[in-house]
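Here's the structure we're looking at; comments come further down.
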Amino acid sequence: MKPEDKIIIDDKPVNLLEAVQMCNKLAADAQANGDISGAGASFLNAANLLLRADFDDQAQVSVMRAEARAREALDFELLASCLGVKAKLLSRAKRYQAALEALREAENLDRENQSTKIEMTLEQQFAILEELSDVEGMCLTAEKFFAVATDAEAIWRMRRHLAHFGIAAGENAAAEHPYDLGAAIGDHVSQVDGQRAALVKQLVDQASEMQNKCDLAGALSCATQATAVPGCGARVWKMRAMLELRLNRVDECTRSINRALALDDRDPQAWWFKGHLLSHTRHYEEEIVCCDRALTLKPDYVEALSMKAAALIALARYMEAAECCKAALMIRGDLASVHMNMAAAMMGLKHYDVASRAFNAAARLGEPRAHQGAAACAQLAREGR
């Protein structure tokens, strides 16, 4: 919504800001008449309107006013609603733990008051845990949800979400997450049927075709549609992540690769890609951890060794970087990037003769920056630095 958008109040069209002002006036009148709960409810209405219009700062002020009055009036149903809106705002600000705390308080209030809103509260919790790829938390929340859920549409939504995470968690991570989702949700989650698998394949093929034609936006659109199919699998999420990174959508890419790894944490390329993503944000220590995970699964993964070397160089850990490059060159000697990393490590150690040889090897493999590096290396050697 925009400030000039119209909504209907008392059968009259008013714009958003007028509606918010009306809510604030109703809150003031209720407060003056001693109706603390009524004032809180009006402030909450204002917060919801502002939230819909993406005016998060103003919405936060309104929900704080509503929450304060709900607590003062001991109106626990209103308080639970306030906490739900508060959690939405915190989630938008990526303050996920604070949002979960608010929702857990709301859940306790819903239970105490036997409120039917508990389904919505648990759905909100699940959505945040899904964002965090917290499979264990999702399992627990799913168990609680299905224990109380009666709304058919809400149950359908939860089934759809679990199809992305639940099956893979049950099959591939049982040792790490000992919760039996099958027992918890009964027949709610099933294997992807042939029709869904065919749809996923069709969308992935379309995405690949568009990518080959350099239509990255179109390819990402197809990949995003594919990930919306329940049970699409880790490979599709990984494809989506790669396209998001090429379009410089780093936050979305992070969520997608985390989703892929939650579904299959034994894919060395996915760990390599997450490390590659972390290099973009200069989280070198975490990048090294991802490289190590990839190398544990595939010890001869030359690209992971090379990327680990680059991260070590960024941290000025030149000797370790050189060891990584040596290991990579023993496996495969025709990657210019490995020779360039070896040259950088040797320059860091001031072994200019070895660095020069590495630059020359990279030049023979077609690396355009190698000649400039070799010249810089020779200059430093002459100056005795």
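Numbered continuously in the numbering used here, the sequence shown closes out at residue 403.
Built from N, CA and C at the ideal position, the CB exists for glycine as well.
**Asked** Should Gly184 be labelled buried (16 or more other beta-carbon atoms within 10 Å of its own) or exposed?
**Response** Residue confidence for Gly184 is low, a pLDDT of 48 falling below 50, so the modelled location carries little weight and cannot support an answer.
**Request:** Would you grab the beta carbon distance between Ala71 and Ser60 for me? Rounded to a whole angstrom, and I think it's under 8 Å.
**Result:** Rounded, the Cβ-Cβ distance is 17 Å, inconsistent with contact.
**Asked** Around the Cβ of Leu69, are there at least 16 other Cβ atoms within 10 angstroms (buried) or fewer (exposed)?
**Response** buried
**Request:** Go ahead and label Val268 buried or exposed: buried means 16 or more other beta carbons lie within 10 angstroms of its beta carbon, across all protein chains shown.
**Result:** exposed
**Prompt:** Beta-carbon separation of Asp66 and Val103 under 8 Å?
**Reply:** For clarity, residue 66 is Asn in the given sequence; the question names Asp instead. Yes; because the gap between Cβ atoms is below 8 Å, this pair is in contact.
**Prompt:** Once you ignore the five residues that flank Thr168 on each side, which residues in its own chain have a CB closer than 8 Å to its CB?
**Reply:** Thr134 and Glu137
**Prompt:** How do the region 275-293 and the region 247-259 stand: do at least 3 beta-carbon pairs fall below 8 Å, yes or no?
**Reply:** yes
**Request:** Give the range of the alpha helix (DSSP H) segment to which Ala246 is assigned.
**Result:** No alpha helix (DSSP H) holds Ala246; DSSP gives it neither H nor E.
**Prompt:** Along the chain, which unbroken stretches of the alpha helix (DSSP H) at least 4 residues long are found entirely within the region 114-163?
**Reply:** 114-130 and 136-149
**Item:** Pairwise C-alpha distance: Arg382 and Tyr370
**Value:** 18 Å
**Request:** Identify which residue in Gln213, Asn126, Glu154 and Ala345 has its Cα closest to the Cα of Leu414.
**Result:** A query on residue 414 cannot be resolved here, the shown segment of the chain reaching from 19 to 403 and no further.
**Request:** Count the other C-beta atoms from every protein chain shown that fall within 10 angstroms of the C-beta of His389, then say buried if there are 16 or more, exposed otherwise.
**Result:** exposed
**Asked** Going by alpha carbons, who is nearest to Glu141 out of Leu150, Thr159, Leu127 and Glu304?
**Response** Thr159
**Request:** Taking only the alpha-carbon atoms, compute the straight-line gap between Glu90 and Ala246 and give it to the nearest angstrom.
**Result:** 43 Å
**Request:** Taking only the alpha-carbon atoms, compute the straight-line gap between Arg129 and Gly236 and give it to the nearest angstrom.
**Result:** 46 Å
**Request:** Could you name the residues of the same chain whose beta carbon sits closer than 7 Å to that of Ala354, not counting the 5 residues immediately before and after it, in chain order?
**Result:** Ala380, Leu383, Gly384 and Glu385
**Request:** Within its chain, find whatever has a CB closer than 7 Å to the CB of Phe377; leave out the 5 residues flanking it on each side and keep chain order.
**Result:** Ala361, Ala388, Gly391, Ala392 and Cys395
**Best match in Arg284, Ala241, Asp282 and Pro286 for proximity to Cys271 [C-alpha to C-alpha]** = Ala241
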